[in-house]
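Below is one structure, written out as structure tokens; comments come after it.
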Amino acid sequence: MEACRSSTMIKAFSLCLVALGYVAAQSSNIKLEFVQSMWRHGERSALVDLYPIYEKDWIYGGGGLGELTAIGMGEMNDFGRLIRQRYVNTFNFLKPKYASKEVYVRSTDLNRTIISAMSMLYGMFPPSLYDIPNVDYPFTPFKWQPGLTFVPVHVDGPQQCAASQNCPCPRYDLLQARMLALPEVLPKFQQVVLLNRQIAPHYNLTTGIDTFYSYPDTWKCQRAYFNKTMYEKLPWYNEDLYYQSQTVYAPVKGFLEGNFQNSAVSNGLDVALEMKKVRAGVIINELYNRASEKFDCAELGENCTGYLKQLKFYGYSIHDNNVYAVLVALGIPNIADTIDGWPAYAAGIFLEFHRNTQTNERFFKVLYRSNANANIADVTTQVPMCNGAALCPFAALQNLANTIKPLPDITTLCNSPL
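Just so you know, the sequence shown maps onto residues -25 to -1, 1 to 393 in mature numbering (1 follows the signal peptide of the UniProt record, and there is no 0).
Given below as structure tokens:
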């Protein structure tokens, strides 16, 4: 009997080893082909003047409203170092020094996103011994920092709404008006209006009170640098009021990017779906189409001659609402994990595209960095369309892209009535 048991155990153990070997073989066939990333800029100054702090007081990072601060530059430099750690040091995916055919970075046309991209790239490709004098940088002692190389940042024009998503869209304005008819939305907007009516008199506002939307974000910036001044000049201001401003506005900011907890159908129109089309539809389709072309190129091997043959990393330096719109489209908006709902400074999404080199099956992973102090975490299993899979079928992204694709194009759709 003991011999039989031993024999059975040995067979089971052998089968287990075979299974593990099969899994290992499968894993070894999975190759990372491409990475696309979107990130919010680092810490910035306030966007508007609001007593008692004005533009002249914002001296950080060159000075002015809406500018990246020195802390913001450091946050993005750290972000770049995390990218280097993962894709250069750990996966050996990117070269240790900048290679123009491997990396392409875009930015919206604002100083804070451009300098955020530059700061990130400085962390991603810092001065090092990999950089060769008079090849990668000029060898001019006391005039040029040894190893310092520049990486280009391509700035979007006014019509490139895939990254900025801030191009004029009359249909989006109509959708915002329509969503007020939803049972979920109106009470939240009423809370915002009531809070506005409480705050506005302190600033001596007599008009535009109900649409006085600037103070929650402005307070967030002011308290980081002028908290003492705020308490001295605003005797009615306190921490409870600050947190109330952030939490009251949070659900409304979610609605603006198509994040609803309940059915969002109004008079036969799916407001949530239509919001996603105009807010995330362009960038999701751009991400899918570029990855699909990259996969095709990888399968062709040496026969691929396009620019995607060597391209490995494509990045977007954008804004909190833009990153949030992608999270909403992916079905993971709550992963932002902030009190105001939208992603924190230096938060970022990564889409990794993997291929089975034997079967040519296509997969992708979703990773997220939640704030300036966090690491990059794999959240693929939390994405609903992936159904708990660690490697999400590429077809799931294709289905999402088709579902929220702006038809016939974003310009025509934005100028179409509901």
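C-beta: ideal position from N, C-alpha, C; glycine also.
Residue range of the beta strand (DSSP E) that includes residue i
| i | result |
| --- | --- |
| M13 | I5 to R15 |
| I293 | F288 to I293 |
| L342 | R337 to R344 |
| R330 | G323 to N331 |
C-alpha gap between residue i and residue j, whole angstroms
| i | j | result |
| --- | --- | --- |
| T44 | A21 | 10 angstroms |
| A273 | R265 | 12 angstroms |
| F66 | W211 | 53 angstroms |
| I307 | V354 | 9 angstroms |
| L326 | L150 | 29 angstroms |
| Q221 | T356 | 29 angstroms |
| F338 | V301 | 18 angstroms |
| D111 | G122 | 8 angstroms |
| E159 | I385 | 28 angstroms |
| T83 | N297 | 11 angstroms |
| D295 | F117 | 40 angstroms |
| L231 | R15 | 17 angstroms |
| Y320 | E50 | 8 angstroms |
| C367 | E336 | 11 angstroms |
| A352 | T332 | 25 angstroms |
| L25 | I5 | 53 angstroms |
| Q373 | A152 | 30 angstroms |
| P392 | K203 | 49 angstroms |
| M205 | K251 | 38 angstroms |
| F164 | T378 | 28 angstroms |
| G38 | I28 | 13 angstroms |
| I324 | E277 | 31 angstroms |
| Y282 | S267 | 14 angstroms |
| A255 | V303 | 8 angstroms |
| residue 396 | N64 | The displayed coordinates of the chain run from -25 to 393. Any statement about residue 396 would go beyond what the structure contains. |
| V240 | N390 | 21 angstroms |
| residue 399 | L161 | Outside the shown range of the chain (-25 to 393) lies residue 399, about which nothing can therefore be said. |
| Y217 | G55 | 31 angstroms |
| F235 | A156 | 13 angstroms |
| R198 | R59 | 32 angstroms |
| P176 | L209 | 12 angstroms |
| D148 | A364 | 37 angstroms |
| F369 | Y200 | 45 angstroms |
| W194 | L180 | 17 angstroms |
| M48 | N242 | 47 angstroms |
| E214 | E30 | 23 angstroms |
Residues of its chain near residue i, where Cβ-Cβ distance is below 7 angstroms and the 5 sequence neighbours each way are ignored
| i | result |
| --- | --- |
| L382 | L388 |
| F100 | K72, Y73, T124 and V126 |
| residue 402 | This structure cannot speak to residue 402, because the chain is shown only from -25 to 393. |
| N260 | A376 and K380 |
| W317 | K228, D295, N296, Y299 and A311 |
| L305 | V341 and V358 |
| K70 | E77 |
| Q120 | P102 |
| Y190 | L25, I174 and S220 |
| Y263 | L372, Q373 and A376 |
Range of the contiguous alpha helix (DSSP H) that encloses residue i
| i | result |
| --- | --- |
| F369 | F369 to T378 |
| G98 | N86 to M99 |
| N260 | G256 to L275 |
| Y200 | Y190 to K208 |
| G47 | A45 to R59 |
| V80 | From DSSP, V80 is part of no alpha helix (DSSP H) but of the beta strand (DSSP E) over V78 to S82. |
| F164 | L161 to I174 |
| M154 | P145 to M154 |
| C361 | It is not in any alpha helix (DSSP H) - C361 carries neither H nor E in the DSSP assignment. |
| T386 | I385 to C389 |
Cutoff 6 angstroms; reference residue i; Cβ partners in own chain excluding five residues on either side
| i | result |
| --- | --- |
| K284 | C272 |
| D312 | S345 |
| C279 | C272 |
| A347 | E50, Y320 and A321 |
| Y105 | P71 and K72 |
| G98 | N52, G55 and R56 |
8 angstroms CB neighbourhood of residue i in its chain, flanking five on each side removed
| i | result |
| --- | --- |
| V168 | D185 |
| R172 | I184 and D185 |
| G41 | R19, S20, A21, L22, L85, N86 and R87 |
| L128 | Here residue 128 turns out to be Val, not Leu, going by the sequence shown. Same-chain partners within the cutoff: V80, R81, S82, I89, A92, M93, L96 and S292. |
| N350 | L57 and R344 |
Proximity test, Cβ basis, 8 angstroms: residue i and chain B
| i | result |
| --- | --- |
| E268 | Among the protein chains of the structure shown there is no chain B, as only one such chain exists. |
Any 3 or more C-beta pairs closer than 8 angstroms across the segment 8 to 23 and the segment 286 to 295: yes
Sufficient close CB pairs (3 or more, under 8 angstroms) joining the segment 360 to 367 to the segment 85 to 103: no
Uninterrupted beta strand (DSSP E) stretches inside the segment 231 to 255 (no shorter than 3 residues): none
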